[in-house]
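A short worksheet on the structure shown next.
Residue numbers (the working numbering): 4 to 231.
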């Protein structure tokens, strides 16, 4: 699968081949949904909470005796069934929303998201980018590319590129991300994805590179014979 490559002036220069491991993987919608829910849940903070019975100010004295009055049983004024009392089963600050996901599933969801965008034809390439460029020049470049300004556009860089990040920071909907931080949320949430040519190779090395060599197994110790 190939994509069109454009220069920093917005003119088409050639094509680039997408790595098969990243952009020709099976599209698994359920796995992508699970990865997005996990990412959103891990950002969630347990802010909402209510006062429990021990947090309410008031006496802990029993209001009246348990039996003999003919009335319903009552505890203290902190009881959740009384006005001004605590809250039953309310949200707690101790809630944990962190979700775990195996590394293989995270990688598979990323490849699935990249493959889905590649099949949709929303990925293009960028050959290079000047070290110093203004926002108006970045707008002119995007206007010449087959992208919809005003929609979400993700630019993937091989390394930190302060000039590019600063030049597009004032353009609504345009964001940048380094190849090592690619994730299904940014990919699926973007209408167009612009890969710098060097970022394709780096993403392949990081996410689909050769596995690390296995550790050498320790040789079995031979039983020692005691001398008589």
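Using N, Cα and C, we set each Cβ at its ideal position, and we do this for glycine too.
Remember, it's a predicted structure, so these values are computed and weren't measured experimentally.
Buried or exposed by the 16-neighbour rule on C-beta atoms within 10 Å, applied to residue i
{"i": "residue 67", "result": "exposed"}
{"i": "residue 92", "result": "exposed"}
{"i": "residue 113", "result": "buried"}
{"i": "residue 100", "result": "exposed"}
{"i": "residue 139", "result": "exposed"}
{"i": "residue 206", "result": "buried"}
{"i": "residue 9", "result": "buried"}
{"i": "residue 71", "result": "exposed"}
{"i": "residue 141", "result": "buried"}
{"i": "residue 172", "result": "exposed"}
{"i": "residue 170", "result": "buried"}
{"i": "residue 124", "result": "exposed"}
Within 7 Å, strictly: CB atoms of residue i and residue j
{"i": "residue 196", "j": "residue 126", "result": "yes"}
{"i": "residue 161", "j": "residue 201", "result": "yes"}
{"i": "residue 5", "j": "residue 18", "result": "yes"}
{"i": "residue 81", "j": "residue 59", "result": "yes"}
{"i": "residue 187", "j": "residue 39", "result": "yes"}
{"i": "residue 109", "j": "residue 155", "result": "no"}
{"i": "residue 211", "j": "residue 24", "result": "yes"}
{"i": "residue 145", "j": "residue 26", "result": "no"}
Residue interval of the beta strand (DSSP E) (run including residue i)
{"i": "residue 195", "result": "195-199"}
{"i": "residue 15", "result": "15-20"}
{"i": "residue 66", "result": "No beta strand (DSSP E) contains residue 66, which DSSP labels as neither H nor E."}
Limits of the unbroken alpha helix (DSSP H) element including residue i
{"i": "residue 190", "result": "187-191"}
{"i": "residue 46", "result": "32-46"}
{"i": "residue 107", "result": "106-123"}
{"i": "residue 25", "result": "23-26"}
Backbone secondary structure at residue i - three-state DSSP
{"i": "residue 140", "result": "helix"}
{"i": "residue 129", "result": "strand"}
{"i": "residue 181", "result": "strand"}
{"i": "residue 168", "result": "helix"}
{"i": "residue 85", "result": "coil"}
{"i": "residue 77", "result": "coil"}
{"i": "residue 157", "result": "strand"}
{"i": "residue 59", "result": "coil"}
{"i": "residue 145", "result": "helix"}
{"i": "residue 6", "result": "strand"}
{"i": "residue 97", "result": "coil"}
{"i": "residue 208", "result": "helix"}
Among the options, nearest to residue i - alpha-carbon criterion
{"i": "residue 238", "options": "55, 143, 50", "result": "This structure leaves residue 238 out entirely; the chain is present only between 4 and 231."}
{"i": "residue 63", "options": "44, 51, 88", "result": "88"}
{"i": "residue 130", "options": "158, 172, 186, 103", "result": "158"}
{"i": "residue 198", "options": "46, 70, 180, 138", "result": "180"}
{"i": "residue 86", "options": "123, 56, 48", "result": "56"}
{"i": "residue 50", "options": "42, 26, 98, 44", "result": "98"}
{"i": "residue 96", "options": "47, 32, 132", "result": "47"}
{"i": "residue 105", "options": "141, 169, 192, 37", "result": "37"}
{"i": "residue 33", "options": "52, 115, 24, 151", "result": "115"}
{"i": "residue 103", "options": "79, 41, 120, 53", "result": "41"}
{"i": "residue 164", "options": "94, 78, 77, 132", "result": "132"}
{"i": "residue 153", "options": "166, 21, 174", "result": "174"}
{"i": "residue 3", "options": "35, 204, 7", "result": "A question about residue 3 goes unanswered here, because the residues of the chain that appear run from 4 up to 231."}
Proximity test, Cβ basis, 7 Å: residue i and chain C
{"i": "residue 180", "result": "Protein chains in the displayed structure number just one, and chain C is not present."}
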